[in-house]
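**Student:**
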Amino acid sequence: MFKLNLFQSARSQALILLIPAFGVYTLFAIWPLIDVVILSFQEWNGISADRKWVGWENYNYIFNNDPVFWVSLKNTVIWTILSIVFPPLVGLLLAIGLNQKLFGRASLRAIYYLPVIIAPIAVATMWRWMYDPFFGLFTQILTDMGLGFLARDWLGDRNIALYSMFVAYVWQHVGFSMVLFLAGLQGVQSTLIDAARIDGASRFEIFRYVTLPALSPTITIVLVLSTISSLRAFDIVYGMTGGGPAQSTQMLAMWAFTQSMQIFDFGRGSAVSVVLLVITLAIVIPYMRWSQAREEAVK
Amino acid sequence: MANVEISAVRKSYGALEVVHGVDIDIKDGEFVILVGPSGCGKSTLLRMIAGLEEISDGAVSIGGRVVNNLTPKERNIAMVFQNYALYPQMTVAQNMGFSLEISGKSKAEISSKVNSTAEILGLTPLLERKPSQLSGGQRQRVAMGRAIVRDPAVFLFDEPLSNLDANLRVQMRAEIKALHQRLGTTIVYVTHDQIEAMTMADRIVVLRGGVVEQMGTPMDLYDSPANMFVAGFLGSPSMNFLKGRLAADGSPGLTLEDGSEVKLQHSPQGTSNQAIVLGIRPQDIAVDPVNGTPAVIKVMEPTGADTHVLVELAGQDLVAVLPPRLKTTVGETIPLSFASPNVHFFDAASEANIPCDPKSEHDQ
Ligand SMILES: Nc1ncnc2c1ncn2[C@@H]1O[C@H](COP(=O)(O)OP(=O)(O)OP(=O)(O)O)[C@@H](O)[C@H]1O
Ligand SMILES: [Mg+2]
């Protein structure tokens, strides 16, 4: 009798601790998610009391009559591919470098991580200034080096604006991958490296046969998180270009926002969001399944 | 196959020196075991031979060639680690063939070597498994297989059996010894387990605090330990040490702190009344109702074959290995004789061995 009470009290304690968080989570995360899906089948201007049911009309519109949607989709795809290649790759290289016994490596780690903790909107503003075609840092440096002819209107030229923006994005995000890889590198068994050295492996072979396999769980996490964060890229676009010039840097998250909050067509905005959500899940879930299966095969 | 010469080798980490000038000459084909307490520098020394750790001073040569500046690969050695260090993503066969593969050997040659080695070690049915699907003993065998496949000049082992349970350890001990007899390759083996050292080694090197305390064959060290440390380290249960003074009249015997007398068969070289330590193995203590010194029994542990008895004598604890089924109990006194021919004497201050006085033996 008494024992039973003890168990019950442990369980009720867990519930007491979890219920408030669950309530908040439902209210601010799960409900909005459901509401966006509902809204994507409705027509609503954000103010009016009634939300009219329109079925697939919003999807029909964005797929068939909205050229900006396709531009955003294309840019989002390019952006995502670049984002799962470059920030993780640079982060890995930095992590390997900073994992060596190096003078001042703690400070260097902090410096490379610093951009991660700056608000994205501040990063956007900072880089917008540096990209200014007349007074910006890059134009200045090129001019001073006698390479003024290379200077461009970095964010104003629609052929390069997306890539200029991407450089700022990499600068902000490498620190994040770097820290995860550094943590992963701590988990590489030193006797395994010793064994490989005895077996005659070169530095590259040690990396290839010992370090990389040991990092594979970390790689999965970094790639999943990079994909998610690149798909929802919004602040940086909002702060640097607002999607311009001529929608050349428009992306799905930004376009969903613009549709809803600036054009006041919440139905279409929601439809764009749902498409983004589906793409995210379609990439992330199979990838995690696959890498989990692969890790289990090793274990 | 090759000999290994370690001369005046030192190792420092920054200002801290942990190996203080070690000289060991290992003959071709010899099985040498480095033994000593934790932190005495065994692994450091082995890793310097392997080329995993820089040699701060002195020289290591393998097969007559100084290897200080050679990579592990160029030294032609193979090493087996305590935690096996198998590549988790590779199969047993791939683990064993890894070194051959990266040195560019042909597929046929690799698989023939891997297969013949697997045959020796009984690993053939496990070749396609991953390390995670093996037991500890099987993993250790794979680690040994990986070393054997390369046919190195020297095998280095760093506490290879520490992660195994007691039964398996006994079995693997025999296997390693058999393997050494079969291959005839020089082995340098590190352990902190004196039984492993006694049972397997051609020669034991006892290390303490980064210096060699003594080296020699197992029985040499067992029969004539150079000091109290070596005496206490080898043998199980460990040797007893009894503090006392030599008898004032020069007769073979020891006067303990409480005035009680212990009769001995012979006495060490030295002056009467000198403070010394008597070293006697538990097996050399006997029950003797006539000449024995009474001691109080504190603990009795029957092991079946015999009884380990912890007694107190003049405030000092001693262990005696006595016959089974003793008719006495804890708290009673038992007359014990120390008059064995195999006792050792040590200087109380320096702890060094004092040789027996040859004259004293004629007195008997
Ligand atoms: N990288 C290092 N930096 C500083 N000191 C070290 C380092 N590696 C080992 N030491 C020190 O060197 C001494 C010898 O270490 P070593 O690993 O050789 O001991 P060991 O005899 O193998 O002990 P164990 O039986 O515990 O393995 C120890 O006091 C240890 O603290
Ligand atoms: Mg060690």
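First to last, the protein sequences are chains A and B.
Residue 763, in this note's numbering, is where the first sequence stops; the numbers in between run on with no holes.
Residue 1548, in this note's numbering, is where the second sequence stops; the numbers in between run on with no holes.
Glycine included, each C-beta is placed from N, C-alpha and C at the ideal position.
Since the model is a prediction, treat every value here as computed from it, not as a measurement.
Identify every residue that forms a DSSP beta bridge with Met765/A.
**Tutor:** Any question about residue 765/A goes unanswered here, given that chain A covers just 465 to 763.
**Student:** For a cutoff of 8 Å on Cβ pairs, would you count Ala1504/B as touching chain A?
**Tutor:** Judged by the 8 Å Cβ criterion, Ala1504/B is not in contact with chain A.
**Student:** When the cut-off is 8 Å and only beta carbons count, does Met1232/B lie next to chain A?
**Tutor:** no
**Student:** At least one CB of chain B closer than 8 Å to the CB of Val652/A: is that the case?
**Tutor:** no
**Student:** Between the Cα of Thr713/A and those of Leu481/A, Val500/A and Trp534/A, spot the shortest distance and give me the residue it belongs to.
**Tutor:** Checked all of Leu481/A, Val500/A and Trp534/A; the closest Cα to Thr713/A is Trp534/A.
**Student:** Please classify Trp719/A as buried or exposed, where buried requires at least 16 neighbouring CB atoms within 10 angstroms.
**Tutor:** Classification of Trp719/A: buried, given that the 10 Å Cβ count is 16 or more.
**Student:** With a threshold of 7 Å (Cβ to nearest heavy atom), would Lys1226/B be considered close to ligand 1?
**Tutor:** yes
**Student:** Using a Cβ cut-off of 8 Å (strictly closer), state whether Pro677/A contacts chain B.
**Tutor:** yes
**Student:** Secondary structure at Ala1536/B, three-state DSSP: helix, strand or coil?
**Tutor:** strand
**Student:** Below 7 Å CB to CB, which residues in the same chain sit around Asp1209/B once its five sequence neighbours on both sides are set aside?
**Tutor:** Beyond the five residues adjoining it in sequence on each side, Asp1209/B comes within less than 7 Å, by CB distance, of Glu1189 in the same chain, given in chain order.
**Student:** Examine chain A for any beta-carbon lying closer than 8 Å to the beta-carbon of Gln1548/B, and answer yes or no.
**Tutor:** Reliability of the predicted coordinates at Gln1548/B is poor, the pLDDT of 41 falling under 50, and no value is obtained from them.
**Student:** Exposed or buried, Lys516/A, counting other C-beta atoms within 10 Å across all chains shown (16 or more means buried)?
**Tutor:** exposed
**Student:** By DSSP's criteria, Asn1411/B is part of a beta bridge. Which residues make up the other side?
**Tutor:** Paired residue(s): Ala1536/B.
**Student:** Using Cβ-Cβ distances below 7 Å, what residues of the stretch 1272-1296 of chain B are close to chain A?
**Tutor:** Pro1272, Gln1273, Phe1282, Ser1283, Ile1286 and Ser1287
**Student:** Counting only C-beta atoms, is Ala1350/B closer than 8 Å to chain A at any point?
**Tutor:** no
**Student:** Which residue's Cα is closest to the Cα of Gly648/A: Ala559/A, Ala735/A and Phe602/A?
**Tutor:** Ala559/A
**Student:** Scan the stretch 698-715 of chain A for residues whose Cβ lies nearer than 7 Å to a Cβ of chain B and list them as they occur along the chain.
**Tutor:** Residues passing the 7 Å Cβ filter: none.
**Student:** In chain B, what lies closer than 9 Å to Arg661/A by C-beta?
**Tutor:** Ala1234, Gly1235, Leu1236, Thr1255, Pro1256 and Lys1257
**Student:** I'd like to know if Thr655/A contacts chain B, where contact means its C-beta is closer than 8 Å to some C-beta of that chain.
**Tutor:** yes
**Student:** By the 10 Å Cβ neighbour count, where 16 or more other Cβ atoms means buried, how is Phe567/A classified, buried or exposed?
**Tutor:** exposed
**Student:** Could you check the C-alpha separation between Gly1419/B and Val643/A for me, to the nearest Å?
**Tutor:** 51 Å
**Student:** Taking Phe1339/B as the reference, give the member of Leu1520/B, His1450/B and Ile1233/B with the closest Cα.
**Tutor:** Phe1339/B has its Cα closest to that of Ile1233/B, out of Leu1520/B, His1450/B and Ile1233/B.
**Student:** Please give me, in chain order, every unbroken run of the alpha helix (DSSP H) with length at least 4 that falls completely inside the stretch 480-505 of chain A.
**Tutor:** 495-503
**Student:** How many Å lie between Asp1547/B and His1450/B at the Cα?
**Tutor:** Note that Asp1547/B scores a pLDDT of 46, beneath 50, so its modelled location is shaky and nothing firm can be said.
**Student:** Checking contacts by CB at 8 Å: is Asn1347/B closer than that to chain A?
**Tutor:** no
**Student:** Determine contact between the stretch 1357-1375 of chain B and the stretch 1288-1299 of chain B, defined as no fewer than three beta-carbon pairs at a distance below 8 Å.
**Tutor:** no
**Student:** Please tell me whether Ala757/A has its Cβ less than 8 Å away from any Cβ of chain B.
**Tutor:** no
**Student:** Going by alpha carbons, who is nearest to Gly1428/B out of His1376/B, Ser1456/B and Gly1248/B?
**Tutor:** Ser1456/B
**Student:** Using only the alpha-carbon positions, how far apart do Asp1335/B and Asp663/A sit?
**Tutor:** 12 Å
**Student:** Checking 8 Å against the spacing of the C-beta atoms, do Ala1415/B and Gly1463/B come in under that value?
**Tutor:** yes
**Student:** Name the DSSP beta bridge partners of Gly1437/B, please?
**Tutor:** Lys1447/B
**Student:** Who does Lys1291/B pair with in a DSSP beta bridge?
**Tutor:** DSSP, once it has assigned bridges, lists no residue as partnering Lys1291/B.
**Student:** Which of the three DSSP states is assigned to Glu1496/B in this structure?
**Tutor:** strand
**Student:** Measuring from the CB of His1376/B, is there a heavy atom of ligand 1 at a distance below 7 Å?
**Tutor:** yes
**Student:** Please list, in chain order, the chain B residues whose beta carbon lies closer than 9 Å to that of Val674/A.
**Tutor:** Within 9 Å Cβ-Cβ: Tyr1271.
**Student:** Should Glu760/A be flagged as near chain B, meaning a C-beta pair shorter than 8 Å?
**Tutor:** no
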